[in-house]
Amino acid sequence: MKLITRTFGLLMAVAVTCLVLSSCGGGPAVTYLDPKSNENKIIRVGSIDQQDWGFAATSMTQKLLRSGALDKEKKAGQKNVVMISRVENKTKEHVDLDLLLKKIRIPILNSGKAIVTTAVRAGGPEDPATLKTRKELRGNDEFDQSGIAKKGTAIAPQYSISGKIIQSDARVGKVRQTYFAFQLSLTDLETGLAVWEDEFELVKQGKKKGAVGW
Amino acid sequence: MKNAACALLGTLFLVLLTTGCSSNRVNVIEPMNKSGVAKPVVTKRIVADKKFLRQFEVLGENVNVTQGNLMEIQLQLRNRTKKTILLQYRVDWTDENMMIMDTTSSRWLQKKVLPGDRVFINAVGPSPKAKDFYIKLQRHQ
């Protein structure tokens, strides 16, 4: 009897020690995740999550490049120039649309098919300080004028990208569903015609507002 | 009483067996003689997950070059199982020197594949410099 009690006590002690050690050696409360992966990311039903921007941008960029809309040079010997026009956020969240647009601009530039201009953009130049500085340096005796950009050298865009992100919510009992539509158009500024258009759709559904998962 | 209980159990068993066997697999109708011409590519497969091959059948691997001189690839898979599977995939590209081209498009994407259905994994190279590719596939556990 005493032997059984002792053995049981010893086993319990070992079990408790293992539990304590495993909780001590457990994973960190905070960890780094791969921004290009989907694993263990937070998924929120009513919002666009980090990985969603990647899905949308990758899908739409691949289709744009495959379409060949930017293949033909408008001006011989010069890459097509694209400007970012109005992209409306019609969702319920305030988001910086560069989360999407930058992920589209970079592949366009890397493809060698076109260049995006920062001098012209809906709402004003992307980098107004650069244009302002050019003007200030021009005629300033302190600077070697031969190295400063002359008037009339900035290149006007031939195409523009515009679009919209739309959100639609639905609810039945405890189940919530949100539909997002990312819509983009590439317009030929010479003709005013849309030479490429695409829509990426995303539907998220769940009983909770959000969870960690795939 | 005993016979009635046995009959009831037997019926229940049959019903369960039938419902377990039935599946909502996708059926496909396609032209017998296709007008399109695929350009197949010979690939090498490194299988680290044998269950993946039991769940997915590789139906074809095609390669194409777009008018803009970008390499385009397509992988066709079929879900052999009776369940919907979430498939995760990523395409990486290398240049003429076999150096990896890290692009914003090189990310894990996912597709839900219905039972018996086919899925097409497509990707376009990031630039004309992309000469080779690696398609990474992973099933959701």
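In order, the protein sequence lines correspond to chains A and B. When we follow our numbering, the leftmost residue of the first sequence carries the number 1, and every step to the right adds one. When we follow our numbering, the leftmost residue of the second sequence carries the number 1, and every step to the right adds one. We put the CB at the ideal spot given by N, CA and C, even for glycine.
- Per DSSP, the continuous beta strand (DSSP E) segment holding D132 (chain B) begins and ends at D132 to R139.
- If the five residues before and after Q205 (chain A) are omitted, its C-beta is found closer than 6 Å to the C-beta atoms of Q177, all from its own chain and listed in chain order.
- Counting of Cβ neighbours within 10 angstroms places T191 (chain A) among the exposed residues, the total staying below 16.
- According to DSSP, residue pairing for E197 (chain A) in a beta bridge involves A:S185.
- When secondary structure is reduced to three states using DSSP, M12 (chain A) falls in the helix class.
- With the rule of 3 Cβ pairs closer than 8 Å, the segment 115 to 128 of chain A counts as touching the segment 153 to 167 of chain A.
- CA-CA distance, K150 (chain A) to P125 (chain A), rounds to 18 Å.
- With contacts defined as CB atoms closer than 7 Å, K39 (chain B) and N62 (chain B) qualify as a contacting pair.
- Residues of the segment 105 to 131 of chain B with a C-beta atom less than 9 Å from some C-beta of chain A are S105, S106, R107, W108, L109, Q110, N122, A123, V124, G125, P126, S127, P128 and K129, listed in chain order.
- In this model, Y179 (chain A) and G36 (chain B) are separated by some 35 Å (Cα to Cα).
- For the segment 78 to 143 of chain A, the full-length alpha helix (DSSP H) segments reaching 4 residues or more read 98 to 111 and 128 to 137 along the chain.
- Straight through space, the alpha carbons of G46 (chain A) and E93 (chain A) are spaced by roughly 9 Å.
- Residue burial is scored here from C-beta neighbours: S168 (chain A) has fewer than 16 other C-beta atoms within 10 angstroms and is therefore classed as exposed.
- Shown here, T94 (chain B) sits in a strand according to DSSP, grouped into three states.
- Listed along the chain, the chain B residues whose CB falls inside 9 Å of the CB of R44 (chain A) amount to none; the nearest CB is some 17 Å away.
- Cα atoms of M98 (chain B) and L87 (chain B): separation of roughly 27 Å, rounded to the nearest angstrom.
- Separation of A13 (chain A) and R6 (chain A) (C-alpha to C-alpha, rounded to the nearest whole angstrom) is 10 Å.
- Residues T61 of the same chain have their beta carbon placed closer than 6 Å to that of P107 (chain A), with the five preceding and five following residues left out of the count.
- Pairing K103 (chain A) with K36 (chain A), the inter-Cα distance amounts to about 12 Å.
- Per DSSP, Y32 (chain A) has no beta-bridge partner at all.
- With a threshold of 7 Å between beta carbons, G36 (chain B) makes no contact with chain A.
- If you check the CB distance, R118 (chain B) and R78 (chain B) come in under 7 Å.
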